[in-house]
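Our numbering puts the first residue of the sequence shown at 172, with every later residue one more than the last. Backbone N, C-alpha and C define an ideal beta-carbon position, used for all residues, glycine too.
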Amino acid sequence: MRVKTVDIHSMTVMQAKSFLLQTFNKLEPGIEEVIVIHGFNQGTSLKELVLHEFKHPKIQSKYPSLNSGRTRIFIKS
172 MRVKTVDIHS MTVMQAKSFL LQTFNKLEPG IEEVIVIHGF NQGTSLKELV LHEFKHPKIQ
232 SKYPSLNSGR TRIFIKS
């Protein structure tokens, strides 16, 4: 499985939303999962963005990781 990891934990919500949109728009073919590192020590706004607010046509499903500072996003094939 090809996985891409992105780190947004030092960004504002607006920066993270823009970054995620660019990331998914330019996602390389064959990537099956994107792991988003949003952190958890500075509040939950980035986690909420990733899990509930951010939408993209390439996203099949999203799941919280066992690590509460990450979210797993599975890509449509």
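Per DSSP, the continuous alpha helix (DSSP H) segment holding residue 186 begins and ends at 184-196. In this structure, DSSP gives residue 204 an extended state, which the three-state scheme calls strand. For residue 218, there is no enclosing beta strand (DSSP E); the residue is part of the alpha helix (DSSP H) that begins and ends at 216-219.
By the Cβ rule, the region 203-215 counts as touching the region 236-244, because three or more pairs are nearer than 8 Å.
Pairing residue 178 with residue 248, the inter-Cα distance amounts to about 23 Å. According to the DSSP secondary-structure assignment, residue 232 is paired through a beta bridge with 245.
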